[in-house]
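For the record, the sequence lines run as chains C and H. Taking this note's numbering, the leading residue of the first sequence gets 14, the next gets one more, and so forth. Taking this note's numbering, the leading residue of the second sequence gets 14, the next gets one more, and so forth.
There are 2 protein chains.
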Amino acid sequence: MNACVLTIGDELLQGFTVDTNSAWLGTTLLPYGIVIQKQITVGDDIQSIINESHKIINHEYNYFFITGGLGPTHDDITKEAFRQLLDDELVFNKQYYVHLKERFEKISIKMPKINESQAMVLKNANIIPNDIGSALGMHYFYNGTHIFIMPGVPSEMKKMIKKHIIPTYIKTVPEEHFITIKTAGIMESKLAEKVSGLMDKYSKSFRFAFLPHFSGVSFRIIKMVEGNELQIVKDEFYQKMQPYSYGFHNDTLEGIVGQKLIEKELSIAVAESCTGGLIGKRITDTAGSSEYFLGGIIAYSNLLKISLLDISKQTLKENGAVSEEIALELANGIRNKTNADIGLSTTGISGPVGATETKPVGLAYIGLVTPNKSIVKKYNFDFGRHLHREMVVTSSLNLIRLYLEK
Amino acid sequence: MNACVLTIGDELLQGFTVDTNSAWLGTTLLPYGIVIQKQITVGDDIQSIINESHKIINHEYNYFFITGGLGPTHDDITKEAFRQLLDDELVFNKQYYVHLKERFEKISIKMPKINESQAMVLKNANIIPNDIGSALGMHYFYNGTHIFIMPGVPSEMKKMIKKHIIPTYIKTVPEEHFITIKTAGIMESKLAEKVSGLMDKYSKSFRFAFLPHFSGVSFRIIKMVEGNELQIVKDEFYQKMQPYSYGFHNDTLEGIVGQKLIEKELSIAVAESCTGGLIGKRITDTAGSSEYFLGGIIAYSNLLKISLLDISKQTLKENGAVSEEIALELANGIRNKTNADIGLSTTGISGPVGATETKPVGLAYIGLVTPNKSIVKKYNFDFGRHLHREMVVTSSLNLIRLYLEK
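In structure tokens form, the structure reads like this:
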């Protein structure tokens, strides 16, 4: 079944608000077999809403989802547009007016005059309750298309879809239509090369997508034909992507690392220079991380590297702070200071300044010291300060993962 | 001048990626007098791209911006669609092929086979360089409409617009159409109350929007009538919002704090418990932060609080780690260990577990010790683990700002 989404609002076109409703509708409806074919945004303008909606309802979509333009501050333009488009009538709903007034009174607020218009509803539409806000939703079944008119406020729209629209109008049982494999440590085009054979093999029944991110490349397998074995195909891709594949769906590198540390009963501590605390932040994003994460030292200045982590002044002078030697000393230092099983360190040049004749912006070293080995890896991520730091963190977490998987 | 935006990608329609390109184009182009009238998203499908683009180029838009469908993993469908639509030809650009190969060699990677297609370009189009990625942009002037074909990766698209498209094809001098005032330490409805009189006063010529975020509430003033004094109105609002207002546009709390630390020649170090490194991360997001940020200690476990920051076992036992007393000892501890002018600390219960009979999830203490005063603030942010941590960091930075502004 196919669908079209129309989102309404000047604030969306002018970019003051990012339209997240469309994406949410996409992922939420997919398991019900509803595939969005097109998404359109227009401004707060009745004629634009009519023009676009006219084209859509004459296009044989099964579903047409509209969000926005319902509130009093938008002059209720969406209702007026559909009144004209479907030759309907706006009528006063006394019952809802009283209910609305009571809702305001309950929070000790006199209902603002502008909210009164929200009790005006389209006569031929089915009303969809709004459990959070004051703008009602509306449903038409017109010309073979289910039309849903909803408020633009994400929380109100989501509640309407989940609590009212799916149970009443969609009904079908959701089915897993896609699986995401998470990878780290490999770039998109290399990963694509690795699985191109498998993609060809399954191209008739599945669609594939690469989703690159600084935290790694996600690979999505989308089932296009009913009855195919998503689970089996998934495993085949996962194996082929080893050792880069580390999880599925919403798994995170820090979450997987955490699980493995718990399994192996190992603790970890970090000495962060260029990442400035971001590794600690990422590790402690996971609830329960106190079980394996002791903490760390943000040794941003050389002074702190020496005073808090016993880095040798001599090594620092000879090699500079961004060097293999210092990465190793930092990892050893934090491990000794905290008695952690694993010591991890970062040192690098995130830029925009800080480069030297021999050391470019983007250079980074990651040190990992464990009970049975010490390693230092050298990287070069010259993609700006923000990405440099994120990629150093991702590489650090991946280095720990690979060690723990051995 | 009006414009239309077409974004391409199954991942957008299926909601795996939120389309932020459209919003960015909206705000970025507005100062150049370019108003986006419509935004459309279609999937990775040549015929859909052709159909929509055909309608758009026959609609007298001044500008038509297309993003996505250019990479090798998208089968370069956008190029093929415009080849068909504009009856053009795909030709091999040897020069770019060599350049691309060299770029890969520079990072010691053999160019993957699938990247080769990126050297195929549309014959009649003007090439727009890609300074970040490998997919070239293209420009046509067709039927009165400037058509820009750009990659979907946000960083690549943005660079193309700023560095190449605006200087070469748009040229007009940007005029300020809106101003954003940044605030921290006040909730949206309270801020609205504070400025409701001013909003009424200027409602004829300006539009206003509150944009709440865990890093504070932004307030946007949008000029609706030419020739109005945005600068004067801005200052009036800014004053009215004191002491919560701290900056404009893309100013960040950490950036403002950094500036003031430099001005006053003060250094800072942090002792983070519940925030796990996020304060360090936020401070070092600002390039040049090494001038005032020495570093810190992530004292996530009580063991590290004692061993690295000399927290008294007695205080810990009597008050618990999440207490006014420990916040103060942590801030004093890091200040003494690092000789920083300012010591900042956090301790709290981010949840979901960790609450006790007397201490709920959401509780947090922030300690600030400076050469002339010591303060501890108590907060309760019960909005989930992620928001708790972010809001503790924002409050910490705001606390430093208020101290430095005195």
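Glycine included, C-beta positions come from ideal geometry on N, C-alpha and C. Small disclaimer: the values here were computed from a predicted structure and weren't measured.
- Per DSSP, reduced to three states, the secondary structure at GLY150 (chain H) is strand.
- Beta-bridge partners assigned by DSSP to LYS236 (chain H): H:PHE219.
- Judged by beta-carbon spacing, ALA344 (chain H) lies beyond the 7 angstroms limit of VAL405 (chain H), meaning their Cβ atoms are not closer than that value.
- Residue pairing from DSSP places MET133 (chain C) in a beta bridge opposite C:PHE105.
- Residue pairing by DSSP places SER387 (chain H) opposite H:VAL382 in a beta bridge.
- The C-beta separation of GLY309 (chain H) from ILE379 (chain C) comes to about 20 angstroms, leaving the pair out of contact by the 8 angstroms criterion.
- For the region 27 to 53 of chain H, residues whose beta-carbon sits nearer than 9 angstroms to a beta-carbon of chain C comprise GLN27, GLY28, PHE29, THR30, VAL31, ASP32, THR33, SER35, ALA36, TRP37, LEU38, GLY39, THR40, THR41, LEU42, LEU43, VAL48, ILE49, GLN50, LYS51, GLN52, ILE53.
- Between the C-alpha atoms of MET173 (chain C) and TYR45 (chain C) there is a straight-line separation of about 16 angstroms.
- Proximity of ILE311 (chain C) to chain H, defined by a Cβ-Cβ separation below 7 angstroms, is satisfied.
- ASN393 (chain C) reaches chain H at ILE120, counting residues in chain order whose Cβ is nearer than 8 angstroms.
- Each residue's CA atom was taken as its position, placing SER147 (chain H) and LEU113 (chain H) some 7 angstroms apart.
- In the three-state reduction of the DSSP assignment, THR407 (chain H) falls in the helix class, which pools H, G and I.
- Here the alpha carbons of LEU376 (chain C) and GLU242 (chain H) stand approximately 47 angstroms from one another.
- Interface residue (Cβ-Cβ distance to chain C less than 7 angstroms): THR297 (chain H) is classified as such.
- Under the three-state reduction of DSSP output, GLY268 (chain C) falls in the helix class.
- Residue environment for GLU285 (chain C): buried (at least 16 other C-beta atoms within 10 angstroms of its C-beta).
- Within chain H, the residues placing a beta-carbon under 9 angstroms from that of VAL55 (chain C) are GLN50, LYS51, GLN52, ordered along the chain.
- Counting the other Cβ atoms within 10 Å of the Cβ of ILE49 (chain C) gives 16 or more, which makes it buried.
- Spanning the alpha carbons of THR407 (chain C) and ARG414 (chain C) requires a straight line of approximately 10 angstroms.
- Contact residues of the region 349 to 367 of chain C toward chain H are LYS350, THR351, ASN352, SER363, GLY364, PRO365, VAL366, GLY367 (C-beta to C-beta distance below 9 angstroms).
- Residue-level contact check: LEU274 (chain C) does not touch chain H, since none of the beta carbons of chain H fall below 7 angstroms from its beta carbon.
- In the DSSP assignment, LEU19 (chain C) falls within the beta strand (DSSP E) that extends over 15 to 21.
- Neighbours of ASN75 (chain H) in chain C, taken as residues at a C-beta separation under 9 angstroms, are lacking, since the least C-beta distance is about 15 angstroms.
- The alpha-carbon separation between PRO256 (chain H) and ASP264 (chain H) amounts to approximately 16 angstroms.
- With the rule of 3 Cβ pairs closer than 8 angstroms, the region 334 to 351 of chain H counts as touching the region 281 to 296 of chain H.
- When the Cα atoms are used, LYS207 (chain H) and SER258 (chain H) turn out to be separated by approximately 12 angstroms.
- By the criterion of at least three beta-carbon pairs nearer than 8 angstroms, the region 285 to 303 of chain H is in contact with the region 351 to 360 of chain H.
- For the pair of segments examined, the region 31 to 42 of chain H was found not to touch the region 325 to 339 of chain C: the number of CB pairs separated by less than 8 angstroms stays below three.
- A direct Cα-Cα distance of roughly 10 angstroms separates HIS401 (chain C) from PRO365 (chain C).
- Identification of chain H residues near GLU206 (chain C) by a Cβ-Cβ cut-off of 9 angstroms yields PRO125, LYS126, ILE127, ordered along the chain.
- Counting along the chain, the unbroken beta strand (DSSP E) around PHE261 (chain H) starts and ends at 258 to 261.
- Among the CB atoms of chain C, none fall inside 7 angstroms of the CB of GLU249 (chain H).
- For GLN60 (chain C), the enclosing alpha helix (DSSP H) stretches over residues 59 to 70.
- In the same chain as GLU201 (chain C), and ignoring 5 residues on each side of it, the C-beta atoms closer than 6 angstroms to its own belong to PHE223, PRO225, VAL230, in chain order.
- Residue-level contact check: SER130 (chain H) does not touch chain C, since none of the beta carbons of chain C fall below 7 angstroms from its beta carbon.
- Below 8 angstroms, too few C-beta pairs join the region 179 to 192 of chain C and the region 209 to 217 of chain C to call them touching: fewer than three.
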